[in-house]
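Take a look at the structure set out below.
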Amino acid sequence: MLTKTKMQEIQDLKLQGYTKADIIRYYEAQGRKPPSRPTISKYYDMDVLPDDPGAKLAKPKTFDAEPFRSTIISILETNSGRSFCMSSVYDVLEEKFIENGDYEKLPGNQQTLRNYIHYLE
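In the UniProt record's numbering, the protein residues as written are 1 to 121.
The structure is reproduced here in structure tokens:
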């Protein structure tokens with residue numbers, strides 16, 4: 001998926017009178033890799049760009065529910081500026097929620113947690 005900037009650039013070039021083939025040559029002349037022909041056609045043929053192009057693709061974040069969210073944020077705030085392993089955050093969550101009997105299992109695995117932490121940053 002293109003960034004909103006590139007989508008807008010294709011629309012702007014269209015308004016300047018560029019054809020789809022001209023847009024490919026425009027990118028090549030600038031030394032940039034052009035989007036694929038189907039992608040250029042897709043955004044060239046649109047009348048209006050979507051406000052949030054990735055909205056349909058966005059999934060709800062597994063660890064974004066309480067009490068996990070607040071616990072993860074407090075762990076990150078406590079350890080800000082320090083180097084730590086993401087797996088240790090997962091271990092803390094296991095101790096806090098599974099070993100205490102609050103939950104049978106965490107809503108995601110370590111990779112899911114790692115992705116969520118990067119999303120928060």
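From the three backbone atoms N, C-alpha and C, an ideal C-beta is built for every residue, glycine too.
Proximity of the region 91-104 to the region 60-77 meets the contact definition, three or more beta-carbon pairs being nearer than 8 Å. The continuous alpha helix (DSSP H) containing Glu77 extends over residues Phe68 to Thr78.
Within the model, the alpha-carbon separation for Thr19 versus Ile75 is close to 53 Å. Here the alpha carbon of Val48 sits roughly 19 Å from the alpha carbon of Pro35.
Between the region 77-97 and the region 26-40 there are fewer than three C-beta pairs closer than 8 Å, too few to call the two in contact. Here the C-alpha atom of Arg114 lies approximately 6 Å from the C-alpha atom of Met86. Membership of Ser88 in the alpha helix (DSSP H) is indicated by the continuous run Met86 to Leu93.
A Cβ-Cβ distance of about 6 Å is found for the pair Tyr119 and Lys61, placing them in contact under the 8 Å criterion. The beta carbons of Val92 and Ile117 sit about 12 Å from each other, so the pair does not count as a contact at 8 Å. The three-state reading of DSSP puts Thr62 in helix, counting H, G and I together.
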